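Engineer:
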Amino acid sequence: MRTLLTSLLFLFIAAGLTAQVTLGIRGGYGQSNVRSGNDLDLVTDQFSSASTLSFGVAAALPLSDVVSLRSGLEINRRGASLELSDDVSVFGIGIPFGARAQTRFTYVDVPLMAQFTLPTNSSVQPYVFGGGSLGYAVGGNIRTTAQAIIEFNLMTTSIDLDAINYQRFHVAAVGGAGVKAELGNGIAAFAEARYEHGLSQPYDVPVVADKVGFRGVNVGAGVSFSLN
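In this note's numbering, the protein residues as written are 117 to 344.
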């Protein structure tokens, strides 16, 4: 994985010396959950996805009419929801029986990916992309809710990542597809969907025997500008 990311970074820098750069902004909404390479305890049936948001800037450097290198800087949130069947400590915070714990961690990510665009005779072009992402956790919180007639918030507490020995660095494989439409004067709009599979293990998730990472899907849209 490190070799792939290093190679993409080298090509990205080299291409930037001669190629036309496209810059853009992107916002997205998604769902995140825990994942593991091994079978988890039966209690993990209590896990469900947590909603997440993302925002960032992107840069693309074309190597040809079809292939581009893509990177940027993004703020992403990852996490999961857990239905509790007993009193338990979740990320160092005591949560009572019957509550739902929604944990979300905020990361600063740098994706490094290759993008393949299908040339068309119209202003609309589909594309696919894939590669890796490196991230660093800058914060997190846990929101505890209870269900009566309606769901209501019990408390929202910040998580001290250092106190729980949280592994801040995050590595993931990312892939997806999208479509972009040229609007004229070097401006284009795009929409895309992507899947992320975490390769790092940040923490011993409560009530799960094995360390797990994150996986998630994200749907986003944005605008890009070509720099002559």
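Ideal placement from N, C-alpha and C gives every residue a C-beta, glycine not left out.
Please read these numbers as outputs of a predicted model, since none were measured by experiment.
Taking all protein chains shown into account, do 16 or more other C-beta atoms lie within 10 angstroms of the C-beta of Val150, making it buried, or fewer, making it exposed?
Structural biologist: That one is buried.
Engineer: Taking only the alpha-carbon atoms, compute the straight-line gap between Val182 and Ile275 and give it to the nearest angstrom.
Structural biologist: Those two C-alpha atoms are separated by around 44 Å.
Engineer: Cα-Cα, which of Phe306, Ser249, Gly300 and Thr260 is closest to Ser316?
Structural biologist: When only C-alpha atoms are compared, the closest one is Ser249.
Engineer: To the nearest angstrom, how far is the alpha carbon of Phe268 from that of Phe171?
Structural biologist: Since pLDDT at Phe268 reaches only 47, below the 50 mark, its modelled position is unreliable, and no value is offered.
Engineer: Since Val240 and Phe232 should fall inside the 8 Å C-beta cutoff, what is the C-beta to C-beta distance between them, to a whole number of angstroms?
Structural biologist: Val240 to Phe232, Cβ: 16 Å. No contact.
Engineer: Between the C-alpha atoms of Ile191 and Asn237, what's the straight-line distance to the nearest angstrom?
Structural biologist: For Ile191 and Asn237, the distance between alpha carbons rounds to 35 Å.
Engineer: Let me check one thing: in DSSP terms, what residues is Ser290 bridge-paired to?
Structural biologist: The identity of residue 290 in the sequence shown is Val, whereas the question assumes Ser. Paired residue(s): Gly247 and Glu312.
Engineer: Look up Pro242 in the DSSP assignment and say whether it is helix, strand or coil.
Structural biologist: Residue state, collapsed to three classes: strand.
Engineer: Return the chain-ordered list of same chain residues with a C-beta closer than 6 Å to the C-beta of Pro242, the five sequence neighbours on each side being excluded.
Structural biologist: Only Leu234 and Val295 meet the Cβ criterion.
Engineer: The beta strand (DSSP E) that contains Tyr145, what's its start and end?
Structural biologist: Unbroken beta strand (DSSP E) run through Tyr145: Val137 to Arg151.
Engineer: So the candidates are Leu179, Pro178 and Gln147; which of them puts its Cα closest to the Cα of Ser164?
Structural biologist: For the residues Leu179, Pro178 and Gln147, the minimum Cα distance to Ser164 belongs to Gln147.
Engineer: Would you identify the three-state DSSP class for Thr236, choosing helix, strand or coil?
Structural biologist: Here Thr236 sits in coil by DSSP.
Engineer: Just mark Gln283 as buried or exposed, buried being the case when its beta carbon has 16 or more other beta carbons within 10 Å.
Structural biologist: Label assigned to Gln283: exposed.
Engineer: Just confirm the distance between the C-beta atoms of His286 and Tyr223, as a whole number of angstroms; I'd bet it's less than 8 Å.
Structural biologist: The Cβ separation is near 6 Å, so the contact holds.
Engineer: Mapping the DSSP letters down to three states, classify Tyr282 as helix, strand or coil.
Structural biologist: Coil.
Engineer: Run through DSSP, which three-state label would Asp276 get?
Structural biologist: Asp276: coil per DSSP, three-state reduction.
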